[in-house]
């Protein structure tokens, strides 16, 4: 969902004629990510292409660069990204020539960035530079009015011939009825999976009852899978809470509990708060733990 949202910003901006380049920072190791973002010159490292390589930042010149899971960047890369934001220029791996670039950077993450800053996993100066304009994207379950349009968008990418059918008023009403508030607890990726199954099974000329049954079947498969995932998440949460309760009762300080678990105090505080295991005074001042 984040990339669709970022692409929408790009299309509606003055940079829409420029390229839109997206990368998930969590999918590549740091060594590869640096060369993917900044590029390299001939002979920069063993195995480098003879002609060098243009990085994604340079490819996004005059357009938009979308960095998903930005908190996955290692510290050295964060410093290079900060220089890009501050000076508007990059230095390829193995090069001594500065390249000016004109891009808009949109960054996204599912993590609590402020907690990452507190744990010194993310640079504070980079966070404030990126947070000049912040947007909160609510989960899809809180945006039921977006379900039908997004379903059409996902289905249209898979089968272009199905889109005119989905845009007809009767189908729009049917989609709103089937994808009613509270019936779809997943995210855009789950909705995309539902649309893919629908596109595989849909046939021209289907009756309205048959189409309703098909949509409900696709939705039912998604809900069944989501329910199994939710049960697992609940079981893991209960186990974590029981372990924390036992350790808090056994050790005299939260610092000792954090050391036993191999986590820092801020992470322990968040877990204790989530499970309701903090005394009132700790909620006011988390540094006391």
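Numbering (this note's numbering), first residue to last: 318 to 606.
Backbone N, C-alpha and C fix where the C-beta goes; we use that ideal spot for every residue, glycine too.
Computed from a predicted structure; not experimentally measured.
Asked, Found
"Residue 387 burial status per 10 Å Cβ neighbour count (16 or more: buried)", "buried"
"For residue 338, the first and last residue of its enclosing beta strand (DSSP E)", "337-341"
"Rounded straight-line distance, which links the Cα of residue 524 to that of residue 501", "24 Å"
"Cut-off 7 Å between Cβ atoms - residues of its own chain near residue 518, not counting five sequence neighbours on either side", "531"
"Alpha helix (DSSP H) runs contained entirely in the segment 424-496, provided each spans 4 or more residues", "430-435, 441-447, 464-475, 480-483 and 486-495"
"Residue of 553, 330 and 375 minimising C-alpha distance to residue 352", "375"
"Residue 397 to residue 419 span [Cα, whole Å]", "16 Å"
"Spatial distance of residue 591 from residue 429 (CA atoms)", "14 Å"
"Bridge-paired residues (DSSP) for residue 371", "356"
"The segment 450-464 / the segment 488-506 touching (three or more Cβ pairs under 8 Å)", "yes"
"CB contact flag (residue 421, residue 382, <9 Å)", "yes"
"Same chain, Cβ closer than 8 Å to residue 314, neighbours up to 5 away in sequence not counted", "Outside the shown range of the chain, which is 318 to 606, sits residue 314, and nothing can be said about it."
"Beta-bridge partners of residue 415, as assigned by DSSP", "408"
"Distance between beta carbons of residue 475 and residue 326, contact taken as under 8 Å", "That belief does not hold up - the Cβ atoms of residue 326 and residue 475 are roughly 24 Å apart, past 8 Å."
"Residue 446 versus residue 576 - alpha carbon distance", "33 Å"
"Simplified DSSP state of residue 501, which is helix, strand or coil", "coil"
"N- and C-terminal bounds of the beta strand (DSSP E) containing residue 381", "381-385"
"C-beta contact flag for residue 483 and residue 439 at 9 Å", "no"
"Buried or exposed (CB count within 10 angstroms, at least 16 for buried), residue 468", "buried"
"Same chain only: Cβ atoms within 8 Å of residue 536, ignoring 5 sequence neighbours per side", "495, 496, 500, 501 and 511"
"Cutoff 7 Å; reference residue 320; Cβ partners in own chain excluding five residues on either side", "339, 383 and 385"
"As assigned by DSSP and simplified to three states, the class of residue 422", "strand"
"N-terminal and C-terminal residue of the alpha helix (DSSP H) that residue 520 is part of", "Where residue 520 is concerned, there is no enclosing alpha helix (DSSP H), given that its DSSP letter is neither H nor E."
"Same chain, Cβ closer than 7 Å to residue 443, neighbours up to 5 away in sequence not counted", "395, 398 and 399"
"Burial state of residue 582, where buried means 16 or more other Cβ atoms lie within 10 Å", "buried"
"Residues near residue 324 in its chain [Cβ-Cβ closer than 7 Å; skip 5 each side]", "337"
"Residue nearest to residue 528 in terms of C-alpha spacing, selected from 488, 461 and 493", "488"
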